[in-house]
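Heads up: the sequence lines are chains A and B, in that order.
Numbering of the first sequence is given in full-length UniProt numbering, commencing with residue 1 and proceeding in unit increments.
Numbering of the second sequence is given in full-length UniProt numbering, commencing with residue 1 and proceeding in unit increments.
Just so you know, even glycine gets a beta-carbon here, dropped at the ideal spot from N, CA and C.
In this text, all values refer to a predicted model and were calculated from it rather than measured experimentally.
A short write-up of the structure that comes next.
There are 2 protein chains.
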Amino acid sequence: MGRTRTLHAVDDDADAGSTRGRRDLEARERIMASTLKLLQERGYARLTIEGVATDAAVGKATVYRSWPNKAALVLAAVQDRLADVPTAPTGDTRAELLAVAEQAMARFYGSGEVRLVLPALLGEAAREPALLERLRTEVLEPRNARARAVVERAVARGDLPADTDVPMVLEQWAGYMLFRGLWHDDPLPEGTVERLVDATLASPPRRAVWQGK
Amino acid sequence: MGRTRTLHAVDDDADAGSTRGRRDLEARERIMASTLKLLQERGYARLTIEGVATDAAVGKATVYRSWPNKAALVLAAVQDRLADVPTAPTGDTRAELLAVAEQAMARFYGSGEVRLVLPALLGEAAREPALLERLRTEVLEPRNARARAVVERAVARGDLPADTDVPMVLEQWAGYMLFRGLWHDDPLPEGTVERLVDATLASPPRRAVWQGK
DNA sequence: AGGTCAAGACGGCCCGTATCGTATTGACCG
DNA sequence: CGGTCAATACGATACGGGCCGTCTTGACCT
Chain A
1 MGRTRTLHAV
11 DDDADAGSTR
21 GRRDLEARER
31 IMASTLKLLQ
41 ERGYARLTIE
51 GVATDAAVGK
61 ATVYRSWPNK
71 AALVLAAVQD
81 RLADVPTAPT
91 GDTRAELLAV
101 AEQAMARFYG
111 SGEVRLVLPA
121 LLGEAAREPA
131 LLERLRTEVL
141 EPRNARARAV
151 VERAVARGDL
161 PADTDVPMVL
171 EQWAGYMLFR
181 GLWHDDPLPE
191 GTVERLVDAT
201 LASPPRRAVW
211 QGK
Chain B
1 MGRTRTLHAV
11 DDDADAGSTR
21 GRRDLEARER
31 IMASTLKLLQ
41 ERGYARLTIE
51 GVATDAAVGK
61 ATVYRSWPNK
71 AALVLAAVQD
81 RLADVPTAPT
91 GDTRAELLAV
101 AEQAMARFYG
111 SGEVRLVLPA
121 LLGEAAREPA
131 LLERLRTEVL
141 EPRNARARAV
151 VERAVARGDL
161 PADTDVPMVL
171 EQWAGYMLFR
181 GLWHDDPLPE
191 GTVERLVDAT
201 LASPPRRAVW
211 QGK
């Protein structure tokens, strides 16, 4: 608040002369930051585009120019914060699986409280095919593909049965973390990741035999 | 639409004389029905109390008299539809576990599309302690307790290890079903319940040894 | 008469669009 | 090279409309 930036009053611009042609990028940064900030303060339901615009010292039209609605805006803001580091093949299957699961947990429970935002987005997406498609192809699927590669490596090594249902393994892990995060408000108990991975290693869900789908 | 019920215009009331003094009960029924109907048509985000009142041919004040906000209204409506049949002890552990998981799946994927509403409610509840409390104590916990009893029976019989983490088993099942239902829009593949149960029977998650919490 | 209800008026917040004046920019021109 | 100019993106703000949650009204019921 109090961000009384009269017009473009270039008061704090030590870099005004250096970074040229950037106007829109600066605005984008401020919008993303305000979105994440208000998302944390008020949650998805109470987040308002008008509020974001005001907080970012930006006209509403500037927000609507880049994102058609709240869901798209939040999607973009969240995506910026979801690091995804590929897991290198070290030869140690359990360590690799732990790294994958650990990273997923960090995404859900790390800064930004993604665990609270993602369900809201997914729920809304159920009635908005375009949003669902973007969520899948831009956010979930790339990360899922990298995780899948790790599990498939474990299968290839023989550390998991050949008929392991790889997508189901990941959906079980993610589903547990996400649901647990909604159901209880405390963080996951220590050792959770290990127990998920070890249970999978001991007996992963198998593909149904009579149906490849 | 077209529900032009002018005032109390008791036009189609063959039973007008019989059901007297039951005005409020009738209204409650109509409100619940309209809520579920509009929930299915428009989804949680686009559901409107004003819309429910109109559809139920009821004044807005009548809705607000019983439920303080949209979340509470939807909670009540959904709760009405979540049957919960206790699973009788038959001695056949696998059959009992299948029954529990099957019932959970029916709740999420059966009529009413609870799988799309529940995440929205849980997400909203994260910022509204009172709602979260009601959700837990009135909706989730009773059903969870009955399911827990079945799994604990299996442990007592020795069909599952003594250090089985019973709550985690159920959260894994529920988490998978719920998350899977958001992520994909097709129904769960056939045999899913069997695979979940069998994976658990083969190697359930164990309690952490160094921490009872 | 007193109580209950549907209808709907009310001020307020937010939506998504449109308009306005300004500042920056890159192309064109003298 | 330096100056001009049409485009463009911006912040601000007005606008009609929808829904919120509260409050008033008047018909109906007992």
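| Query | Result |
| --- | --- |
| Quick test of your reading: B:LEU140 and A:TRP183, contact by CB under 8 angstroms. State the CB separation rounded to the nearest angstrom. | 7 angstroms |
| Do you know how far the Cα of A:VAL100 is from the Cα of B:ALA95? | 34 angstroms |
| Report buried or exposed for A:SER111, applying the criterion of at least 16 other Cβ atoms within 10 angstroms of its Cβ. | exposed |
| In the region 169-184 of chain A, which residues sit with their C-beta less than 8 angstroms from some C-beta in chain B, listed in chain order? | GLU171, GLN172, ALA174, GLY175, TYR176, MET177, LEU178, PHE179, ARG180, LEU182, TRP183 |
| Using the beta-carbon of each residue, which ones in chain A are nearer than 7 angstroms to B:GLU124? | ALA45 |
| Between the region 123-136 of chain B and the region 186-195 of chain A, can you find at least three pairs of beta-carbon atoms closer than 8 angstroms? | no |
| Does the CB of B:SER34 have a neighbour CB from chain A at under 7 angstroms? | no |
| Go through its chain and collect everything with a Cβ distance to B:LEU196's Cβ below 7 angstroms, but skip five positions before and after it. | ALA101, TRP173, TYR176 |
| Once DSSP output is grouped into helix, strand and coil, what is the label at B:THR137? | helix |
| Kindly give me the distance between the Cβ atoms of B:THR93 and B:ASP159, rounded to whole angstroms, as I take these residues to be in contact under 8 angstroms. | 4 angstroms |
| Under 7 angstroms between C-beta atoms, does B:SER203 make it to chain A? | yes |
| Does any residue of chain A bring its CB to less than 7 angstroms from the CB of B:ARG195? | yes |
| Could you tell me whether any Cβ in chain B is nearer than 7 angstroms to the Cβ of A:GLY158? | no |
| Quick one: does A:ARG119 have its CB under 7 angstroms from some CB of chain B? | In the sequence on display, residue 119 of chain A carries Pro and not Arg. True, the Cβ-Cβ gap to chain B drops below 7 angstroms. |
| Leaving out five residues on either side along the sequence, give the residues of the same chain with a beta carbon under 8 angstroms from the beta carbon of B:LYS60. | ILE49, GLU50, ALA53 |
| Nearest-angstrom Cα distance between A:ARG22 and A:ARG28? | Only weak support exists for where A:ARG22 lies, its pLDDT of 42 falling under 50; the value from the coordinates is given anyway. Distance between the alpha carbons of A:ARG22 and A:ARG28 is about 10 angstroms. |
| Do A:ARG153 and A:PRO89 have their C-beta atoms closer together than 7 angstroms? | yes |
| Any heavy atom of the ligand FAD closer than 6 angstroms to the Cβ of A:ARG157? | With respect to small molecules bound, the structure shown includes none, and the ligand FAD cannot be examined in it. |
| For A:ASP163, which residues from the same chain have a beta carbon less than 6 angstroms from its beta carbon, with the 5 sequence-adjacent residues on both sides left out? | ARG206, ARG207 |
| B:LEU97 versus chain A: which residues are under 9 angstroms apart at the beta carbon? | Here the premise fails: no neighbours, minimum Cβ distance about 15 angstroms. |
| According to DSSP, what are the bridge partners of A:THR164? | A:ARG206 |
| Quick check on A:PRO204: buried or exposed, where buried means 16 or more other Cβ atoms within 10 Å of its Cβ? | buried |
| Take the Cβ of A:ALA199 as the centre, count every other Cβ of all protein chains shown within 10 Å, and call the residue buried at 16 or more, exposed below. | buried |
| Run down chain B in chain order and give the residues with a C-beta less than 8 angstroms from the C-beta of A:LEU140. | TRP183 |
| If you draw a straight line from the C-alpha of A:VAL74 to the C-alpha of A:VAL169, how long is it? | 28 angstroms |
| Run the CB neighbour count on A:VAL209, radius 10 Å, all protein chains shown included, and call it buried at 16 or more, exposed below. | exposed |
| Within its chain, find whatever has a CB closer than 7 angstroms to the CB of B:GLU138; leave out the 5 residues flanking it on each side and keep chain order. | GLN79 |
| So which of A:ALA202, A:ASP24, A:GLY43, A:ASP55 has the shortest CA-CA distance to residue 221 of chain A? | Chain A is shown only over 1 to 213; residue 221 of chain A falls outside these bounds and no answer can be derived. |
| Using beta carbons (cut-off 7 angstroms, strictly below), is B:ALA147 in contact with chain A? | no |
| Count the other CB atoms within 10 Å of the CB of A:GLY181; is the residue buried (16 or more) or exposed (fewer)? | buried |
| Let me confirm a value: B:GLU171 is counted as buried when at least 16 other C-beta atoms fall within 10 Å, else exposed. Which label applies? | buried |
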